[in-house]
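What follows is a single structure, written as structure tokens, with notes after it.
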Amino acid sequence: MITLSEQQAKVLLVEDEVPIRKFIAINLQRSNFTVLEAADGETAIELARQFNPAAVILDVMLPGIDGFEVCMQIRKILPQVAIIMLTARGEDMDKIMGLELGADDYMVKPFNPLELVARIRANLRKLASIPTELGNNKNCIHYRELTLDLEGQRFFKGKLEIELTPTEFAIMKLLMNKPSKAFTRNEIMNHVWGQNYFGDLKTVDVHIRRIREKLEDDPSSPQWIETVWGYGYRLKGAGKNV
Ligand code: CA
Numbered sequence: 008m009i010t011l012s013e014q015q016a017k018v019l020l021v022e023d024e025v026p027i028r029k030f031i032a033i034n035l036q037r038s039n040f041t042v043l044e045a046a047d048g049e050t051a052i053e054l055a056r057q058f059n060p061a062a063v064i065l066d067v068m069l070p071g072i073d074g075f076e077v078c079m080q081i082r083k084i085l086p087q088v089a090i091i092m093l094t095a096r097g098e099d100m101d102k103i104m105g106l107e108l109g110a111d112d113y114m115v116k117p118f119n120p121l122e123l124v125a126r127i128r129a130n131l132r133k134l135a136s137i138p139t140e141l142g143n144n145k146n147c148i149h150y151r152e153l154t155l156d157l158e159g160q161r162f163f164k165g166k167l168e169i170e171l172t173p174t175e176f177a178i179m180k181l182l183m184n185k186p187s188k189a190f191t192r193n194e195i196m197n198h199v200w201g202q203n204y205f206g207d208l209k210t211v212d213v214h215i216r217r218i219r220e221k222l223e224d225d226p227s228s229p230q231w232i233e234t235v236w237g238y239g240y241r242l243k244g245a246g247k248n249v
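Here is the structure:
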């Protein structure tokens, strides 16, 4: 079983501006992370392949291939890695959290490095919490035609496998563990990201939207995850004969 010790976790830091990179690196090292540094996308992808980091801190604006492309490529190499993107512009948020990129989180510059450390820890805990709860070899959660295979970290709709990011997987695990319960955005954030997470609740909505785009036949008329207006989200049809 993999246990992710955040004390020894390797973090790949991708930022071309040297003073910013050094400043972030020093703060990560003080927090006991092992830091790999890259100044461009090609180097970052190569380091990701060689050293299998637990988390990637990835600037959007890079020389050569940009952070969006690097994110997609690293996600293909390391499906389980936590990817936190750094952006100078708030309007990048939709793209960063969009379906095709697969980033787990983002921070807008300038930011407090201690908050970045908290975000990395929250994202690593989220990943680590999944294997520690494994009990037996057939550890699956079922709901209607959905199956969450906790040991294999796989998600199925009927026989069709749907690839989820670690964040999306953790959200589905939460919802499927208590299918009749409506969860507030706050509850989802606390369960998935941890109590000390300072994130925006809109992040929850963005991840739900991304899951719907993968899961729903028509994401504008969700048949699996319903919005409980003014409250949060719940699996649809729980407790009914649907
Ligand atoms: Ca940059």
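For the sequence shown, our numbering begins at 8 and goes up steadily by one. No residue lacks a Cβ here, since even glycine has one placed at the ideal position from N, Cα and C.
Distance, residue j Cα to residue i Cα
i      : j      : result
Leu208 : Asn39  : 29 Å
Pro186 : Gln230 : 14 Å
Ile130 : Gln160 : First, the amino acid is wrong: residue 130 is Asn here, not Ile. Distance between the alpha carbons of Asn130 and Gln160: 16 Å.
Phe163 : Asn34  : 40 Å
Met79  : Ala89  : 12 Å
Tyr238 : Asp225 : 22 Å
Phe176 : Gly71  : 32 Å
Ile195 : Glu158 : 22 Å
Val211 : Thr50  : 32 Å
Val124 : Val25  : 19 Å
Arg217 : Arg28  : 30 Å
Ile52  : Gly244 : 43 Å
Gln202 : Ser228 : 32 Å
Ile215 : Met68  : 27 Å
Asn146 : Tyr240 : 24 Å
Ala110 : Ile169 : 17 Å
Asn193 : Ala62  : 24 Å
Arg132 : Asn197 : 12 Å
Leu85  : Gln36  : 23 Å
Ile232 : Asp99  : 26 Å
Ile178 : Leu171 : 10 Å
Thr41  : Val213 : 30 Å
Arg151 : Trp236 : 23 Å
Gln87  : Thr234 : 28 Å
C-beta contact flag for residue i and residue j at 8 Å
i      : j      : result
Leu20  : Ala32  : yes
Asp47  : Asp66  : no
Leu242 : Met183 : yes
Lys83  : Leu43  : no
Ile64  : Leu93  : yes
Ile81  : Ala55  : yes
Asp112 : Ile91  : yes
Assigned exposure category for residue i - 16 Cβ within 10 Å defines buried
i      : result
Trp200 : buried
Pro173 : buried
His149 : exposed
Pro117 : exposed
Arg96  : exposed
Pro60  : buried
Lys166 : exposed
Phe190 : buried
Leu153 : buried
Arg219 : buried
Whole-number beta carbon distance between residue j and residue i, since they are thought to touch under 8 Å
i      : j      : result
Arg126 : Met114 : 7 Å
Phe205 : Glu76  : Their Cβ separation, rounded to whole angstroms, is 28 Å, which puts Phe205 and Glu76 out of contact at 8 Å.
Leu155 : Lys188 : About 16 Å separates the two Cβ atoms, so there is no contact after all.
Phe30  : Pro120 : 7 Å
One or two residues paired with residue i in a DSSP bridge
i      : result
His149 : Thr154
Val42  : Val18
Met92  : Leu65 and Tyr113
Lys164 : Leu153 and Leu167
Thr234 : Tyr240
Phe190 : Tyr240
Worksheet entry | Distance cut 7 Å, beta-carbon to ligand 3 heavy atom: residue list by chain order | This structure lacks ligand 3; the ligands present are ligand 1.
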